[in-house]
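Novice:
Protein chains in written order, with my numbering: chain A, 3 to 248; chain B, 3 to 248; chain C, 3 to 248; chain D, 3 to 248; chain E, 3 to 248; chain F, 3 to 248.
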């Protein structure tokens with residue numbers, strides 16, 4: 003049930019029985035020498051659509067460009083300023099709440115979005131609080147790659163080569179979706195360096211090929227399908243309460 | 003060549019030979035009783051991908067939520083405030099120009115975006131002008147449905163039933179992309195009322211089912227494929243000069 | 003009936019019988035080697051005052067500095083960023099609607115303002131929509147130089163020398179208002195080059211004296227008076243319905 | 003020398019010999035039962051034009067709508083939010099400094115603008131400070147009605163009836179400019195109440211006819227001409243140093 | 003009664019009997035070769051706490067970083083952009099009014115804050131005015147160093163060496179609070195130059211050690227205690243009416 | 003070494019040997035029936051000053067009001083909108099980096115600040131990236147209560163009564179600083195309910211006395227001193243590398 007593929011009378015009918023909606027958010031940024039620039043958006047959207055099917059919950063269009071400031075030294079990366087992304091999330095939430103969507107689950111594919119989205123939740127709540135009468139809204143953000151079952155599966159599949167950027171789980175998921183892009187060639191070093199970083203230039207100098215601590219050559223499309231299934235099931239299990247509780 | 007499906011080294015290689023990119027923009031808003039809420043985004047993206055293939059030009063991810071303030075009385079419509087959309091476009095342009103994309107063609111699926119996008123072009127240019135050195139950037143916005151060949155075909159197919167919102171050409175194009183959504187049932191009145199409007203409430207009271215001046219029941223998936231082909235060819239013909247001229 | 007020359011009790015009395023107001027907007031930017039920097043503001047204000055007299059409608063003070071980013075390489079041009087101009091228009095509309103002015107006609111003298119003003123209309127409507135109760139507001143923007151009767155007269159007077167910037171019609175109108183500034187000397191080339199442009203620097207390099215496609219040396223104060231009369235009559239004819247319809 | 007009535011080559015020539023410009027700012031707000039809504043803008047503009055003539059200094063178009071939040075309970079008053087007015091002043095200064103106007107004198111007609119304009123000066127300076135190289139800019143704000151010679155003349159003409167809003171000096175000046183608007187009828191009470199206020203509603207309840215401490219019925223067009231002359235001479239005397247000093 | 007040292011039930015009880023609160027604001031900026039960078043915040047806070055004790059009025063936490071753009075060429079100075087400071091003041095006022103604090107007295111330690119704070123008062127009032135119902139709020143800003151009794155004492159203690167920045171009264175007050183920082187060494191020149199300034203660079207070149215017109219070597223901790231006492235008494239005398247009047 | 007108690011020549015001398023600075027950030031919000039409204043700011047400041055002493059690092063003034071939207075139903079709570087707090091942090095960082103402070107450690111006392119501060123780091127970095135030349139800046143945020151040694155001590159002292167708001171560790175720390183405010187009376191229920199929340203109203207209805215999962219009656223001033231010591235030592239141990247690494 004993609005919002006984009008529904009008509010307005012179908013949405014009206016849906017709102018008779020549910021106030022739930024999923025809003026996927028990703029990023030458009032380098033994912034190492036073999037990972038896709040759209041990895042985070044593709045993963046979030048795929049997980050969201052599976053969850054939507056499982057729970058018969060509407061899925062809004064994906065926010066494809068997120069907060070990727072630290073990746074901007076790599077060609078093709080796109081970023082919104084945090085203040086812009088906050089405004090986008092606030093406007094999306096304000097649109098949805100106007101129609102009666104009062105439980106908004108954001109399924110996220112990119113760690114760099116978390117802070118800004120959380121700030122946007124608070125900003126939106128502040129603005130709703132000033133209106134009369136105050137519209138009720140509950141929001142929640144879930145990072146698909148951090149779910150316990152997903153982390154367990156990731157470690158089982160890739161051990162110490164998961165890393166934290168351009169990771170084999172996310173790469174595998176995109177290769178499941180777009181097998182023609184799979185590029186499992188060995189990389190040098192096999193496992194990329196690991197560590198913190200400060201600015202875009204600092205990121206590039208520490209992690210010259212864009213990976214952090216990962217070996218995405220271990221990914222396979224089959225893994226991706228497994229991960230997608232596990233992630234969707236786990237979120238579906240968690241989200242039911244969120245969507246229906248008073 | 004979707005940016006989302008490329009790796010950063012592929013983008014780097016691309017930028018060796020081209021500074022062109024297409025950025026599609028649509029909207030997420032009601033399109034009458036039988037049209038899809040995602041119509042404008044789906045159309046813009048489909049046309050952009052065809053043009054990208056024809057010209058071997060990179061296509062950035064679609065801005066799916068646009069400026070749809072006037073549709074907000076219909077369930078499911080989403081809108082960015084114009085100021086938010088301006089910031090989104092500005093940040094996307096700033097991201098692209100940083101990598102050397104200096105010719106950005108926006109292919110647009112929604113009339114309500116035009117003013118805001120044009121304002122965003124000027125806002126971006128003002129900011130680039132203050133930097134030292136000034137990065138060169140050329141932007142252009144094309145509305146696919148207003149191209150002469152598209153308009154000619156639309157009139158040939160639908161005569162006086164084209165209208166200006168939830169039109170058969172755009173509906174046909176989405177049905178070509180998602181035939182399972184095609185819903186050609188007759189509507190009442192056959193051709194929706196036509197005219198201007200002022201606010202969201204005013205829109206709904208004048209055009210109670212969301213259409214303006216159109217009869218989307220005439221649309222067919224086959225028409226949609228024809229329209230997509232004509233639109234893409236026409237833009238490809240026009241964009242070559244824009245992308246390559248100094 | 004200039005708002006500036008009324009007292010507040012006079013405005014209060016006016017609002018008993020009308021909710022209409024005209025808000026002129028121009029620009030402060032180069033108009034070629036012989037045209038005045040204030041051309042767009044002077045024209046919009048003059049037309050607005052004539053319409054105001056004809057319809058006995060109040061005229062608010064002119065927004066004299068508009069969006070003129072592309073003219074900034076010529077000395078004396080002033081510009082607001084689009085986001086600033088949006089805020090100005092939004093605040094003016096919010097001020098007027100507070101008093102009960104619910105029909106605001108903006109008479110515009112500058113093409114570069116159109117996108118930003120339209121975006122401002124939507125931004126304002128979004129904000130009004132969130133208030134409780136929602137104040138009703140209808141806005142309309144008219145470009146005086148594009149009115150059918152004005153275009154016909156322009157072509158009759160100047161043929162293919164009208165062009166699109168520093169045009170003889172607008173120059174003529176300012177010379178009618180300020181005959182001491184009339185400077186009909188022949189220019190070289192007689193008709194300026196025509197075409198599109200991208201940035202302020204690009205504009206100046208394509209159109210080195212500031213004109214686009216025009217020969218303002220054909221302008222005369224008498225033409226200006228004719229154009230002013232035709233423009234005001236045409237708008238007066240169109241605006242009646244806008245001001246009074248429910 | 004109004005900027006609006008100059009051509010860009012005239013401005014270019016002017017900048018060869020001077021970097022000075024005057025930017026008048028007023029307000030559009032109630033001025034008591036007999037004063038004009040445009041009083042503050044009319045006064046500032048008139049004084050600025052006289053100073054411009056005396057010193058052969060360019061005068062930019064008047065900012066006619068200022069910060070008049072406290073007057074908004076009186077029909078016809080218009081206001082910019084302080085943040086909007088700051089953006090307007092910042093954009094005007096940024097436009098001027100780009101051409102080489104490095105000494106900007108703002109002649110002000112409204113006390114309510116002072117804080118916002120001073121804040122805008124600092125905001126602009128902060129932004130210029132971040133550019134490379136930093137453009138030099140000096141700004142100054144003068145309130146015409148507070149000049150020592152103007153205050154002396156005001157007291158001589160009106161004694162304890164000057165007050166602080168809708169004062170006879172400003173009313174006289176507008177009546178000198180627009181004698182047909184002069185309305186010297188006696189008001190009740192003769193001298194309006196005096197005091198502080200907090201909000202728009204509070205202002206209206208304390209000062210029901212809009213005047214504060216004043217008796218504008220004493221004003222005459224002849225007084226206005228005297229005041230205009232004195233104000234312009236005094237500013238001309240002070241501004242010379244500002245415009246020319248390094 | 004520092005808000006920071008109260009519990010929420012204590013604030014709830016306080017609001018049963020009073021709607022008054024004091025909000026101190028200072029700055030973090032150079033104060034000459036011997037004055038503390040925190041001078042303005044320390045002074046405002048000390049005076050506020052004394053007034054709070056005298057009147058049994060709650061004191062909110064001090065806004066320690068203000069608008070100090072002109073001091074930024076001296077190491078250690080910090081500044082908010084005026085637009086940021088406006089947002090801070092607006093948010094603080096909105097927070098307080100939500101709980102029923104309807105009389106907010108800001109005690110200020112820095113001249114550079116005045117314009118921005120006054121603009122913030124108007125911005126806040128504009129926003130409150132749009133809400134339904136409109137919350138009542140009265141705000142007042144007092145500069146402690148300009149109070150008549152403080153000025154008299156300052157002149158009596160320091161004569162023509164008070165100056166306008168890094169003045170002996172403010173320096174004395176901080177030395178009373180932090181005697182270990184007292185540094186009464188003679189400065190060269192004894193009295194710093196006096197005059198106006200335009201930008202941060204201009205300030206530093208005119209006033210190379212940061213003082214304007216002052217000789218802070220005359221300050222003593224004992225003077226500081228005297229000044230603190232006089233300032234607090236004077237404000238306590240003035241504020242009673244503000245806090246309690248309807 | 004508080005920045006507030008230094009003179010500018012002392013800061014200049016300091017910058018000769020170090021580019022490090024600590025910027026504490028807290029909040030002003032309810033902390034249960036017995037905890038202080040200033041808890042988070044008091045704790046962050048106290049820890050920061052200890053770390054500053056241990057490492058001889060400068061400490062900037064505390065940001066006392068943070069992002070406390072969810073506490074606004076309790077009297078006395080103050081909040082900045084996330085967008086305002088982002089601007090504050092950005093301006094503070096921009097001020098510091100201008101002087102050469104290139105390693106900024108924020109010591110945080112409030113979980114609700116984390117998202118916004120992280121977003122502000124990215125926003126600042128985006129802006130610095132556009133300047134020419136790009137100033138180097140590294141930022142880090144540490145939550146004192148989450149440090150491993152602090153958590154271990156907290157659990158050892160309070161077992162399952164730590165909770166997540168109005169916790170005994172933070173309450174103890176404030177009572178160490180202000181023993182006169184210690185209020186160890188038993189609360190009902192002993193341990194407050196635990197769980198998630200969505201809006202300010204939702205927070206208050208779930209946690210009616212403001213505590214989440216905690217029993218602050220266990221706190222003692224002596225515990226607070228212990229916790230302060232452990233926190234400061236742990237941060238001092240971690241921050242050395244951050245401050246000095248290239």
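For every residue, glycine included, the Cβ atom is placed at its ideal position computed from N, Cα and C. Model, not experiment: these values are computed from the prediction.
In the DSSP assignment, the alpha helix (DSSP H) including residue 88 of chain E goes from what residue to what residue?
Specialist: Here residue 88 of chain E corresponds to residue number 86 of the fifth chain, with the count starting at 1. Judged by DSSP secondary structure, residue 88 of chain E falls within the alpha helix (DSSP H) whose first and last residues are 84–101.
Novice: Since residue 124 of chain A and residue 120 of chain F are thought to touch, with beta carbons under 8 Å apart, how far apart are those beta carbons, to the nearest angstrom?
Specialist: By 1-based counting over the first chain, the position of residue 124 of chain A is 122. By 1-based counting over the sixth chain, the position of residue 120 of chain F is 118. Their Cβ separation, rounded to whole angstroms, is 13 Å, which puts residue 124 of chain A and residue 120 of chain F out of contact at 8 Å.
Novice: Taking the runs of the alpha helix (DSSP H) that are 4 residues or longer, which of them lie wholly in the segment 123–198 of chain C?
Specialist: 150–160, 170–179
Novice: Nearest-angstrom Cα distance between residue 210 of chain D and residue 14 of chain C?
Specialist: Along the fourth chain, one-based indexing puts residue 210 of chain D at 208. Along the third chain, one-based indexing puts residue 14 of chain C at 12. Whole-angstrom Cα-Cα distance: 14 Å.
Novice: Checking 8 Å against the spacing of the C-beta atoms, do residue 179 of chain A and residue 95 of chain A come in under that value?
Specialist: Along the first chain, one-based indexing puts residue 179 of chain A at 177. Along the first chain, one-based indexing puts residue 95 of chain A at 93. Cβ distance not < 8 Å, so residue 179 of chain A and residue 95 of chain A don't count as in contact.
Novice: Name the residue from F/149, F/193, F/22 whose alpha carbon lies nearest to the alpha carbon of residue 101 of chain F.
Specialist: Translated into the one-based positions of the sixth chain, residue 101 of chain F becomes position 99. Nearest C-alpha to residue 101 of chain F: F/22.
Novice: In angstroms with no decimal places, state the Cα-to-Cα distance between residue 185 of chain B and residue 76 of chain B.
Specialist: Along the second chain, read from residue 1 onward, the residue named residue 185 of chain B stands at position 183. Along the second chain, read from residue 1 onward, the residue named residue 76 of chain B stands at position 74. When rounded, the distance between both Cα atoms is 19 Å.
Novice: Would you verify that the beta carbon of residue 132 of chain A is, or is not, closer than 8 Å to some beta carbon of chain E?
Specialist: Locating residue 132 of chain A in the first chain gives position 130, where the first residue counts as 1. Chain E, which has a Cβ nearer than 8 Å to the Cβ of residue 132 of chain A, makes this yes.
Novice: So with Cβ pairs under 8 Å, would you call residue 37 of chain B a contact of chain A?
Specialist: Along the second chain, read from residue 1 onward, the residue named residue 37 of chain B stands at position 35. Yes, residue 37 of chain B lies at the interface with chain A (some Cβ there is under 8 Å from its Cβ).
Novice: From residue 215 of chain B to residue 230 of chain B, what distance separates their C-alpha atoms?
Specialist: Counting from one through the second chain, the residue named residue 215 of chain B turns up at place 213. Counting from one through the second chain, the residue named residue 230 of chain B turns up at place 228. Approximately 22 Å, taken between the alpha carbons.
Novice: Considering only the beta carbon of each residue, do residue 97 of chain B and residue 60 of chain A sit closer than 8 Å?
Specialist: Here residue 97 of chain B refers to the residue found at position 95 of the second chain. Here residue 60 of chain A refers to the residue found at position 58 of the first chain. It is not a contact, given that the beta carbons lie outside the stated cut-off.
Novice: Let's test the definition: count the other Cβ atoms within 10 Å of the Cβ of residue 93 of chain A and tell me whether it reaches 16, buried, or not, exposed.
Specialist: Here the question's residue 93 of chain A lines up with position 91 in the first chain. By the 10 Å Cβ count, residue 93 of chain A comes out buried.
Novice: Distance cutoff 8 Å, beta carbons only. Does residue 101 of chain B sit that close to anything in chain A?
Specialist: Residue numbering aside, residue 101 of chain B sits at position 99 when the second chain is read from its first letter. It does; some Cβ of chain A falls within 8 Å.
Novice: In the DSSP assignment, find the alpha helix (DSSP H) that holds residue 241 of chain B and state where it starts and stops.
Specialist: In the second chain, the residue the question calls residue 241 of chain B occupies position 239. It spans 223–246 - the alpha helix (DSSP H) in which residue 241 of chain B sits, taken as one unbroken run.
Novice: Less than 8 Å separating the beta-carbons of residue 86 of chain E and residue 89 of chain F?
Specialist: Along the fifth chain, read from residue 1 onward, the residue named residue 86 of chain E stands at position 84. Along the sixth chain, read from residue 1 onward, the residue named residue 89 of chain F stands at position 87. Going by C-beta atoms, residue 86 of chain E is nearer than 8 Å to residue 89 of chain F.
Novice: With a cut-off of 8 Å, do at least 3 Cβ pairs link the segment 27–35 of chain F to the segment 159–175 of chain F?
Specialist: yes
Novice: How about residue 127 of chain E: is its C-beta nearer than 8 Å to some C-beta of chain D?
Specialist: The sequence position of residue 127 of chain E within the fifth chain is 125, counting from 1. True, the Cβ-Cβ gap to chain D drops below 8 Å.
Novice: Taking the DSSP output, what are the residues bridged to residue 214 of chain C?
Specialist: In the third chain, counting from the first residue as 1, residue 214 of chain C sits at position 212. Answer is C/167, bridged to residue 214 of chain C.
Novice: Report yes or no: is there a C-beta of chain D within less than 8 Å of the C-beta of residue 84 of chain E?
Specialist: Here residue 84 of chain E refers to the residue found at position 82 when the fifth chain is read from its first residue. Yes, contact with chain D.
Novice: Mind checking who residue 23 of chain A pairs with in its DSSP beta bridge?
Specialist: Position 21 of the first chain holds residue 23 of chain A. According to DSSP, residue 23 of chain A bridges with A/60, A/106.
Novice: For residue 104 of chain C, does the count of other Cβ atoms within 10 angstroms reach 16, so buried, or fall short, so exposed?
Specialist: Stepping through the third chain from its first residue, residue 104 of chain C is reached at position 102. With 16 or more other Cβ atoms within 10 Å, it is buried.
Novice: Can you give me the C-alpha to C-alpha distance between residue 188 of chain B and residue 50 of chain A, rounded to a whole angstrom?
Specialist: By one-based count along the second chain, residue 188 of chain B stands at place 186. By one-based count along the first chain, residue 50 of chain A stands at place 48. Straight-line Cα distance between these residues: approximately 34 Å.
Novice: Can you check whether the CB of residue 28 of chain C is closer than 8 Å to the CB of residue 112 of chain C?
Specialist: Reading the third chain from its first residue, position 110 is the one you call residue 112 of chain C. Reading the third chain from its first residue, position 26 is the one you call residue 28 of chain C. Contact annotation: residue 112 of chain C and residue 28 of chain C have beta-carbon atoms nearer than 8 Å.
Novice: So which of D/18, D/66, D/41 has the shortest CA-CA distance to residue 177 of chain D?
Specialist: Indexing the fourth chain from 1 puts residue 177 of chain D at position 175. Shortest Cα-Cα distance from residue 177 of chain D to any of D/18, D/66, D/41 involves D/41.
Novice: Residue 205 of chain F lies in the alpha helix (DSSP H); which residues open and close that run?
Specialist: Within the sixth chain, numbered from 1, the residue matching residue 205 of chain F stands at position 203. Taken as a continuous stretch (DSSP letters only), the alpha helix (DSSP H) holding residue 205 of chain F covers 202–208.
Novice: Does the distance from the C-beta atom of residue 64 of chain E to that of residue 38 of chain F stay below 8 Å?
Specialist: Within the fifth chain, the letter at position 62 stands for residue 64 of chain E. Within the sixth chain, the letter at position 36 stands for residue 38 of chain F. No; because the gap between Cβ atoms is not below 8 Å, this pair is not in contact.
Novice: CB residue 163 of chain B to CB residue 220 of chain B, shorter than 8 Å?
Specialist: Walking along the second chain from the start, residue 163 of chain B turns up at place 161. Walking along the second chain from the start, residue 220 of chain B turns up at place 218. Yes, these two residues count as a Cβ contact at 8 Å.
Novice: If you measure between the beta carbons of residue 246 of chain A and residue 6 of chain B, is that distance less than 8 Å?
Specialist: The sequence position of residue 246 of chain A within the first chain is 244, counting from 1. The sequence position of residue 6 of chain B within the second chain is 4, counting from 1. For residue 246 of chain A and residue 6 of chain B, no; Cβs fall outside 8 Å.
Novice: Taking the alpha carbon of residue 165 of chain F as the reference point, which residue from F/182, F/62, F/244, F/192 has its own alpha carbon closest?
Specialist: Residue mapping note: residue 165 of chain F aligns to position 163 of the sixth chain, counting from 1. For residue 165 of chain F, the nearest C-alpha among the options comes from F/192.
Novice: Taking residue 145 of chain F as the reference, give the member of F/160, F/107, F/127 with the closest Cα.
Specialist: Translated into positions along the sixth chain, residue 145 of chain F becomes position 143. Checked all of F/160, F/107, F/127; the closest Cα to residue 145 of chain F is F/107.
Novice: Go through its chain and collect everything with a Cβ distance to residue 126 of chain D's Cβ below 6 Å, but skip five positions before and after it.
Specialist: Locating residue 126 of chain D in the fourth chain gives position 124, where the first residue counts as 1. Same-chain partners within the cutoff: 92, 95.
Novice: So is residue 248 of chain A buried or exposed if we call it buried at 16+ other beta carbons inside 10 Å?
Specialist: Locating residue 248 of chain A in the first chain gives position 246, counting from the first residue. So residue 248 of chain A counts as exposed.
Novice: How would you list, in chain order, the residues of chain E whose beta-carbon sits under 9 Å from the beta-carbon of residue 262 of chain F?
Specialist: Here chain F comprises residues numbered 3 to 248, so residue 262 of chain F is not present and cannot be evaluated.
Novice: Residue 227 of chain C to residue 122 of chain F, Cα distance in whole Å?
Specialist: Looking up residue 227 of chain C in the third chain gives position 225. Looking up residue 122 of chain F in the sixth chain gives position 120. The alpha-carbon atoms of residue 227 of chain C and residue 122 of chain F are separated by roughly 56 Å.
Novice: Residues in the segment 174–200 of chain D with C-beta within 9 Å of chain C's C-beta atoms, listed in sequence order?
Specialist: Within the segment 174–200 of chain D, the qualifying residues are 176, 180, 182, 183, 185.
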